[in-house]
Amino acid sequence: MVGRIPVMNVMPVVDLGRQSAKATVGEPLPVSATVFREGHDKLGAEVVLTGPDGRRRDPVRMVKHADVPDRYDAWVTPDAPGPWTFEVQAWSDPIGTWQHAAGLKIPAGVDVDLMFTEGRLLLERVQAALDPADTRGHELVAGGLVAASDTERPVGARLAALQDPELAALLHANPVRELVTVEGPYPAYADRVTALASSWYEFFPRSEGAVKDASGKVTSGNFRTAAKRLDAVAAMGFDVIYLPPIHPIGEVNRKGPNNTLTPGPEDTGSPWAIGSKDGGHDAIHPDLGTLEDFDAFVARAGELGIEVALDLALQAAPDHPWVTSNPEWFTTRADGTIAYAENPPKKYQDIYPVNFDNDPTGICREVLRVVRHWMAHGVRIFRVDNPHTKPVAFWEWLLKEIRRTDPDVLFLAEAFTRPAMMRGLGAIGFQQSYTYFTWRTSKWEIEEYLRELATESDHLMRPNFFVNTPDILHGFLQYGGPAAFKIRAALAATGSPSWGVYAGYELYEHVAVKPGSEEYLDSEKYQIRIRDWDGAAAEGRTLAPYLTRLNEIRRQHRSLQLLRNLRVHGSDDESVLVFSKSATLPDGSTDTVVVVINLDPHATRETTVHLDLPALGLEWHDSFVVHDEITGADWSWGAHNYVRLDPAHEPAHILTVRSPR
10 MVGRIPVMNV MPVVDLGRQS AKATVGEPLP VSATVFREGH DKLGAEVVLT GPDGRRRDPV
70 RMVKHADVPD RYDAWVTPDA PGPWTFEVQA WSDPIGTWQH AAGLKIPAGV DVDLMFTEGR
130 LLLERVQAAL DPADTRGHEL VAGGLVAASD TERPVGARLA ALQDPELAAL LHANPVRELV
190 TVEGPYPAYA DRVTALASSW YEFFPRSEGA VKDASGKVTS GNFRTAAKRL DAVAAMGFDV
250 IYLPPIHPIG EVNRKGPNNT LTPGPEDTGS PWAIGSKDGG HDAIHPDLGT LEDFDAFVAR
310 AGELGIEVAL DLALQAAPDH PWVTSNPEWF TTRADGTIAY AENPPKKYQD IYPVNFDNDP
370 TGICREVLRV VRHWMAHGVR IFRVDNPHTK PVAFWEWLLK EIRRTDPDVL FLAEAFTRPA
430 MMRGLGAIGF QQSYTYFTWR TSKWEIEEYL RELATESDHL MRPNFFVNTP DILHGFLQYG
490 GPAAFKIRAA LAATGSPSWG VYAGYELYEH VAVKPGSEEY LDSEKYQIRI RDWDGAAAEG
550 RTLAPYLTRL NEIRRQHRSL QLLRNLRVHG SDDESVLVFS KSATLPDGST DTVVVVINLD
610 PHATRETTVH LDLPALGLEW HDSFVVHDEI TGADWSWGAH NYVRLDPAHE PAHILTVRSP
670 R
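Residue 10 is where the sequence shown starts when you use the working numbering, and the numbers rise one by one after that.
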């Protein structure tokens, strides 16, 4: 039923409150609601959080939305991981009603004595409810009571005393609540900070430390050689190392280089074709080493401040042990063959999809066993391959099972698919999500998408902006030259609190297998790729220093570690993107970063950018100093500012806003 003071359209609410809204420890969470009442009396509204410990936090007063009538907003911040709830409480506000009426009637000489009497009675109610230890509060109320009662004092002086800003602030903080309506509680789940803010680096262990002899024979790298590469990854500032599947690779229908169907005896096959005579999802490819070698790799990563993310790909090669032990887990076609994976026009003859309809209980039990196996070996992050091709109900069950015992374990959904599915996977528990970022390249597309992720879908999914993947080499990178790599890295690292890079990006790898394709030539998915990291660094053919600087800036600025604080600003050029991010620091100061990016990798752009200064916590007339975190330059800025960005030199300004002059 509708409450006495109606509270409607509460946000963030997911699936009518059956799922939890996304929250993160230390991240402000916006709560809003439509609140109204009959007549003209004033009302108030606030948000009350209840933490995982069952303790109710102090109420946070909601304020009227600047542009939407009857909409009220507040920001609340979970301070511990786990399940939270929030309520919206609305009430009749007799103090606010009296203040409004008194401000009109008393100066007009209408009901003067009555208004002062009503004011005195309200102040007495506030006085009775005040904390006895609030000495200043009692002094202010006592002064108000004297003014309300002192008929010898001029009326204007009495009213002025009751309108004193300090007293008004006290009354606002200690309202008299009548006809209270409570809407909720609604659930929100606060994950650890890494669920929101992280810097990912992906490499194939078999390529790291691989060598080619004089005859051209390639010897695979392994966990011990790959561990040596972790120092460089850490030096660039990445804190998550993502490994594609590390399991035995099927030999039946194995793919050769560039996805050919005619592999040679030395061809390694795709790691996503999981399973062979050497084992399945709980085994390690013999070329990579042993389980003890994997444990050592995880330990070394931990020493460097890096978490290991493991690929969870629920599919099987034709010679996976599951195909023999549990053939009912796959789809048998009319001709008696098992269906292989397809994504027309792509065909994956080396992969059998799992069919969850035949034995869901058995499949669920096995997947849970596999996930817990790797958790026991130090894996607390899983990147899930193509989760949109499996039942959403299965993922909801699995993620709840893991969260029930190990709430720190995180899952990233690699689902490039329909928006409803992507949001749905986030809603049922995936802590992070791949996005359409790769395909958003024009200014209007990026502006629209940044707003969507920061303010529309933020309660459902957290974005991770990968600049490239083994599957995705966008045409922007193929034809944009080194400037395109800088542009996309700067945009990903500042536009999202989580971002990712696949190895080779820093070497500007940009050649596609054929025109119009997003597949790499000589894709690492199908063969070992040996890179000359040291030679590239010695010759200056690497973007690694730029990636390092981006991650340094991210660590230095709290504002870049948050999602919901992004605001888009304007420019007069269709290729110059402007946005800002602000955060309140523990000492009460504000950290504000303004990002200006030339999205055209081929031409210098000169334009004027237009900043919404109130959105930055400034006045329209303020001037202030901005510091470029990339070049070290300082400029004096205001609401309208000239910029010139040459992509051959530096396509982006990442500007720290300093104090107004």
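The C-beta atom is built at its ideal place from N, Cα and C for all residues, glycine as well.
CB contact flag (residue i, residue j, <9 Å)
i, j, result
"I639", "H662", "yes"
"V22", "A30", "yes"
"S507", "W209", "yes"
"Q565", "G265", "no"
"G298", "R233", "yes"
"A642", "H636", "yes"
"V363", "L407", "no"
"Y195", "G345", "no"
"S584", "R614", "yes"
"W331", "N367", "no"
"V185", "A110", "no"
"V72", "Y81", "yes"
"L654", "N607", "yes"
"D480", "K534", "yes"
"L530", "F494", "no"
"P472", "S442", "yes"
"D320", "P253", "yes"
"P78", "R46", "no"
"A157", "T190", "no"
"F391", "W404", "no"
"E301", "R389", "no"
"M470", "A402", "no"
"T86", "A197", "no"
"N560", "A502", "yes"
"G278", "I250", "no"
"V605", "V618", "yes"
For residue i, three-class secondary structure by DSSP
i, result
"I104", "helix"
"H109", "helix"
"P369", "helix"
"I537", "coil"
"Y517", "coil"
"N607", "strand"
"I258", "strand"
"M430", "helix"
"Q172", "coil"
"D304", "helix"
"V119", "coil"
"K452", "helix"
"T551", "coil"
"I437", "coil"
"A310", "helix"
"W281", "coil"
"D82", "strand"
"L297", "helix"
"S568", "helix"
Integer-rounded CB distance, given that residue j should sit under 8 Å from residue i
i, j, result
"L171", "G153", "6 Å"
"H292", "A236", "A quick correction: the sequence has Ala, not His, at residue 292. That belief does not hold up - the Cβ atoms of A292 and A236 are roughly 20 Å apart, past 8 Å."
"G4", "H256", "There is no way to answer for residue 4, as the model of the chain reaches only from 10 to 670."
"E211", "A42", "That belief does not hold up - the Cβ atoms of E211 and A42 are roughly 41 Å apart, past 8 Å."
"G387", "V307", "4 Å"
"G509", "F485", "Contact flag wrong, Cβ pair sits at about 17 Å."
"P92", "R573", "Contact doesn't hold; Cβ gap of about 20 Å is too wide."
"F365", "K399", "6 Å"
"L434", "V376", "At roughly 16 Å, the Cβ-Cβ gap does not stay under 8 Å, so L434 and V376 are not in contact."
Per DSSP, cross-strand counterpart(s) of residue i
i, result
"P472", "S442"
"Y251", "E211 and A318"
"E275", "Answer is none; E275 lacks a bridge partner."
"S591", "T601"
"F485", "Looking at the DSSP assignment, F485 forms no beta bridge with any residue, so it has no partner."
"D643", "H636"
"Q98", "E55 and V191"
"A30", "A197"
"H619", "G579 and H649"
"G490", "None, per the DSSP bridge assignment."
"G509", "W209 and F475"
Any non-hydrogen atom of the ligand SAH closer than 8 Å to residue i Cβ
i, result
"W331", "As for the ligand SAH, it is missing from this structure, which has no ligand bound."
Test: residue i CB closer than 9 Å to a CB of chain B
i, result
"V85", "Of the protein chains in the structure, only one exists, and it is not chain B."
*Taking the runs of the alpha helix (DSSP H) that are 4 residues or longer, which of them lie wholly in the stretch 332 to 406?*
Qualifying alpha helix (DSSP H) stretches, in chain order: 369 to 384.
*Every unbroken alpha helix (DSSP H) inside the stretch 125 to 178 [4 residues or more]*: 144 to 158 and 164 to 171
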